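So the structure is just underneath, and the comments pick up after that.
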Amino acid sequence: MTIQPLSPEQTYPLRHAVLWPDKPYAFVRVDNDHEGHHYGAFENEELIAVISLFVYADDGKLVARFRKFAAHPDWQRKGVGSQLMQHILKEARRMGATRLWCDARLDAADFYRRFGMQPISDVFYKGPIPYAAYAVELSEHS
Ligand SMILES: CC(C)(COP(=O)(O)OP(=O)(O)OC[C@H]1O[C@@H](n2cnc3c(N)ncnc32)[C@H](O)[C@@H]1OP(=O)(O)O)[C@@H](O)C(=O)NCCC(=O)NCCS
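What follows is the structure, encoded as structure tokens:
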């Protein structure tokens, strides 16, 4: 498996198929996708998982947020997502971010806890799906 940078457009098929298959295709675009860093995991030239990282200034500090994290169903629970998480943790640090956060689907919360992420918000809903914001301070965890 290799991890390579992607264009925003390359992430859309997996974003749509895995995360929001019942929504219109355009739903998985993010307004500021062009400002993001997009990464894909490839196995034998097949794109099997995607993640998008956004680094921005907040209150005088650089903060990193990842969005639209999705592994093809045939490739879930095989370690691919963990490798992408390690990659964006490294990239976020390299870009100088002091915190990494995401809006986490609660059914993936145990996955995020494995990377030191903790809830920083109450539960909220996007449609029927429960979420909470999860974050890790990059100075304290790998
Ligand atoms: C969440 C996701 C990106 C994780 O990637 P992955 O490749 O499946 O995860 P990995 O195989 O690297 O690691 C999984 C580990 O976390 C644990 N885990 C806990 N909750 C999990 C969950 N909801 N999904 C996957 N793994 C989970 C597993 O037990 C596993 O540990 P193990 O290998 O010791 O059994 C992927 O499962 C996925 O695309 N899920 C559907 C879409 C989704 O929920 N995206 C996140 C939206 S916030």
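Quick note, the sequence shown lines up with residues 91 to 232 if you use our numbering. No residue lacks a Cβ here, since even glycine has one placed at the ideal position from N, Cα and C. Note that the structure is a prediction, hence the values are computed from the model and not measured.
{"Query": "Can you determine whether any heavy atom of ligand 1 sits closer than 7 Å to the C-beta of K151, and answer yes or no?", "Result": "no"}
{"Query": "Hey, is the segment 165-173 in contact with the segment 124-140, meaning 3+ C-beta pairs nearer than 8 Å?", "Result": "yes"}
{"Query": "Tell me which residue opens and which closes the alpha helix (DSSP H) that I178 is part of.", "Result": "V170 to R184"}
{"Query": "Classify V153 as helix, strand or coil using the three-state DSSP reduction.", "Result": "strand"}
{"Query": "Alpha helix (DSSP H) containing A199: first to last residue?", "Result": "A199 to R203"}
{"Query": "At a threshold of 7 Å, does L137 count as lining ligand 2 (C-beta to nearest heavy atom)?", "Result": "Questions concerning ligand 2 fall outside what the structure shown contains, since the ligands it does hold are ligand 1."}
{"Query": "Run the proximity test for D212: is its beta-carbon closer than 7 Å to any non-hydrogen atom belonging to ligand 1?", "Result": "no"}
{"Query": "Have a look at I210 and D197 and give me their C-alpha separation to the nearest angstrom.", "Result": "16 Å"}
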